[in-house]
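Visitor: Have a look at the structure that comes next, please.
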Amino acid sequence: MLVNSLSSHEDPHFFFNIHAQAVTLVLIDNDIHEASLNDEFYTSMNELSSRGLLLDKLKTKLRKTRNKPFSLAFKNIFTIDKMSFHKSRALYAAHSNKQLTFSYPLDVKISYTHQCFCVSDNGNDRILIFDLESKQLIMNFKNSSTVQAGHLYIEELFNSENTEYSRATETVQEDALYFASHGNSISKYNLNEILKNGKKSDMIWKCSNFKVVTGIALFKQKFPNQVFVGDFADRCVKILDSENGQILQTFYVEGCPWGLEFNTINGDLIVSNNSSSGINIYRNSGMIENSDELGNNSSIKEAPVWKCIRTVGTHGSTVGCFSFPRGMTFDSCSDLLLVIDHMNCRMQVMNLHDGTVVKCFGSKGRGESQFMLPDGHCLNRLTGELFLCDTHNQRVQIFV
25 MLVNSLSSHE
35 DPHFFFNIHA
45 QAVTLVLIDN
55 DIHEASLNDE
65 FYTSMNELSS
75 RGLLLDKLKT
85 KLRKTRNKPF
95 SLAFKNIFTI
105 DKMSFHKSRA
115 LYAAHSNKQL
125 TFSYPLDVKI
135 SYTHQCFCVS
145 DNGNDRILIF
155 DLESKQLIMN
165 FKNSSTVQAG
175 HLYIEELFNS
185 ENTEYSRATE
195 TVQEDALYFA
205 SHGNSISKYN
215 LNEILKNGKK
225 SDMIWKCSNF
235 KVVTGIALFK
245 QKFPNQVFVG
255 DFADRCVKIL
265 DSENGQILQT
275 FYVEGCPWGL
285 EFNTINGDLI
295 VSNNSSSGIN
305 IYRNSGMIEN
315 SDELGNNSSI
325 KEAPVWKCIR
335 TVGTHGSTVG
345 CFSFPRGMTF
355 DSCSDLLLVI
365 DHMNCRMQVM
375 NLHDGTVVKC
385 FGSKGRGESQ
395 FMLPDGHCLN
405 RLTGELFLCD
415 THNQRVQIFV
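With positions in the sequence shown counted from 1, the corresponding number in my numbering is that position plus 24.
In structure tokens, the structure reads:
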């Protein structure tokens, strides 16, 4: 849209001497109907992808205006070890008198839509769900899928944002819960259904084509979203279609991947490498076409090439070095990466631009703000709270 300059006969003081400027408005219709795909305006999936990237950046910008970064103060405000059920939000009234304890909590993720957070209680083969505000337990989700429950991921508003070509429908706002189980599979559930029906909830899909599932991350620049899953034993990352769980692509990485996280600013994939104890950064360096047996590739789908562009950190115990780096969280408000330094029983906060460590916190022990082989963690982007699985201390610590 072009805003014209003031004409000569107008009183400039009426407009406070502010000179108009030419601005460009980009209107994005997120409700792209199937028929529109035949229009000249949407001539290729690459154009759709670029528009998806633009929309994703806009969402990130809008969210950052109300998000709160982690303070780096590492002040412990809450510790969850022995748990009682929330009397008003517990699914079953009989649960209200029960008290539970963790057995090697491995990962934690937040659902803002459903105002809760989930913890994979690995040793007890279950996922525990807590009220986000009170931190009280509301659900003990345990069925045949939660055996050896491991890494988690929560996809926000999956039933409205993650439909093919972003065809949003007027449905109930719901998040999806992804989790690793049995060591070799990943499952997807509707989190709202879990909260309503517990262990009777139906699975959306399951993929068992793994040896040892580790980190899970979501790539939101494609239609539909893509699920990136680390395979520790196979030394690779497998990319799944978020709608049906089908494997779209496999690419091999340096060493054994554990944590996976996306830099939401530039789209880089960050992988914690348990072989070299470094942090590998992968970038989508372009597209390649897979040829058929005759060398024809005009009708073959393009696949992205993910290449390692940089490695941060080496094995050791000094600041800036790691001993089995594990869970990671990228704080988009501060552009900092929070990394669990597993065997050193601490967390290091890194500036990815220059690889420097801006904060190193924690020591081995069982006291407050000490850790015993910690693992997964996440940030509450609205409050700046850090939720951290202190795995071998059988607890979850919360910091501000």
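Ideal placement from N, C-alpha and C gives every residue a C-beta, glycine not left out.
All of these numbers come straight from a predicted model, not from anything done at the bench.
(1) Enumerate in chain order the residues of its own chain whose CB-to-CB distance from Ile153 is below 6 angstroms, with the five nearest sequence positions on each side excluded.
(2) Beta-carbon within less than 6 angstroms of Met7's beta-carbon, same chain only, minus the 5 sequence neighbours each way: which residues are those?
(3) Cβ atoms of Thr274 and Cys260: under 8 angstroms apart, would you say?
(4) Assess contact between the stretch 222 to 230 and the stretch 239 to 247, defined as three or more Cβ pairs (one per stretch) separated by less than 8 angstroms. Is contact present?
(5) Any contact of the stretch 212 to 224 with the stretch 298 to 305, i.e. 3+ C-beta pairs under 8 angstroms?
(6) Which word fits Gly337, buried or exposed, when buried means at least 16 other C-beta atoms lie within 10 angstroms of its C-beta?
(7) In chain order, what residues of the same chain have a beta carbon less than 7 angstroms from the beta carbon of Phe425, not counting five sequence neighbours either side?
(8) Quick one: what does DSSP say Gly207 is sitting in, helix, strand or coil?
(9) List the endpoints of the continuous beta strand (DSSP E) containing Lys383.
(10) Going by C-alpha to C-alpha distance, which of Ile364, Phe346, Arg307, Phe102 sits closest to Thr353?
(11) Which partner residues does Asp199 have in the DSSP bridge list?
(12) Report the rounded CA-to-CA distance for Arg350 versus Asp226, giving the unit in angstroms.
(13) May I have a chain-ordered list of the beta strand (DSSP E) segments no shorter than 3 residues that lie completely inside the stretch 201 to 283?
(14) Given Phe385, which residues of its chain have a CB within under 7 angstroms of its CB, disregarding the five upstream and five downstream residues?
(15) So, for Asn304: in the same chain, excluding its five sequence neighbours on each side, which residues have a beta-carbon less than 6 angstroms away from its beta-carbon?
(16) When DSSP labels each residue in this structure, what does His377 get in the three-state scheme?
(17) Leaving aside the five residues before and after Lys383 along the sequence, list all residues of the same chain whose C-beta is less than 6 angstroms from its C-beta, in chain order.
(18) Which residues does DSSP pair with Thr353 in a beta bridge?
(19) Can you give the Cα-Cα distance for His416 and Thr103, rounded to whole angstroms?
(20) Whole angstroms are fine: how far does the CA of Leu176 sit from the CA of Asn404?
(21) Go ahead and label Asn268 buried or exposed: buried means 16 or more other beta carbons lie within 10 angstroms of its beta carbon, across all protein chains shown.
(22) Alpha carbon to alpha carbon, what distance is there between Asp265 and Tyr66?
Guide: Reading from the atomic positions:
(1) Contacts found: Cys140, Cys142, Ile162, Met163.
(2) The structure shown has nothing for residue 7, since the chain only spans 25 to 424.
(3) Yes.
(4) Inter-segment contact for the stretch 222 to 230 and the stretch 239 to 247 is absent: fewer than three beta-carbon pairs are separated by less than 8 angstroms.
(5) With a cut-off of 8 angstroms, the stretch 298 to 305 and the stretch 212 to 224 do not count as touching, because too few Cβ pairs lie within range.
(6) Buried: at least 16 other Cβ atoms inside 10 Å.
(7) For the chain, the structure presents residues 25 to 424; residue 425 sits outside this window and is missing.
(8) Judged by DSSP in its simplified three-state form, Gly207 adopts coil rather than helix or strand.
(9) That run of the beta strand (DSSP E) goes 380 to 385.
(10) Taking Thr353 as reference, the option from Ile364, Phe346, Arg307, Phe102 with the minimal CA-CA separation is Ile364.
(11) Per DSSP, none; premise fails for Asp199.
(12) Taking the straight line joining both Cα atoms gives about 31 angstroms.
(13) If we require 3 residues or more, the beta strand (DSSP E) runs fully inside the stretch 201 to 283 come out as 209 to 214, 227 to 231, 237 to 243, 250 to 255, 260 to 265, 271 to 276.
(14) Sequence-distant Cβ neighbours of Phe385 in its own chain, meaning closer than 7 angstroms and more than five residues away, are Phe98, Arg370, Met371.
(15) If we look at Asn304 and ignore the five residues flanking it on each side, its Cβ neighbours are Glu278, Val295, Asn297, Cys332, Thr335.
(16) In the three-state reduction of the DSSP assignment, His377 falls in the coil class, being assigned neither a helical nor a strand state.
(17) Answer for Lys383: Leu96, Val373, listed in chain order.
(18) Per DSSP, the beta bridge partners of Thr353 are Leu362.
(19) Rounded to the nearest angstrom, the two C-alpha atoms are 14 angstroms apart.
(20) Roughly 15 angstroms separates the two Cα atoms.
(21) Its Cβ having fewer than 16 others within 10 Å, Asn268 is exposed.
(22) Per-residue confidence for Tyr66 stands at a pLDDT of 35, beneath the threshold of 50, marking its modelled position as unreliable; the derived number appears in the next sentence. Their Cα atoms are separated by approximately 22 angstroms.
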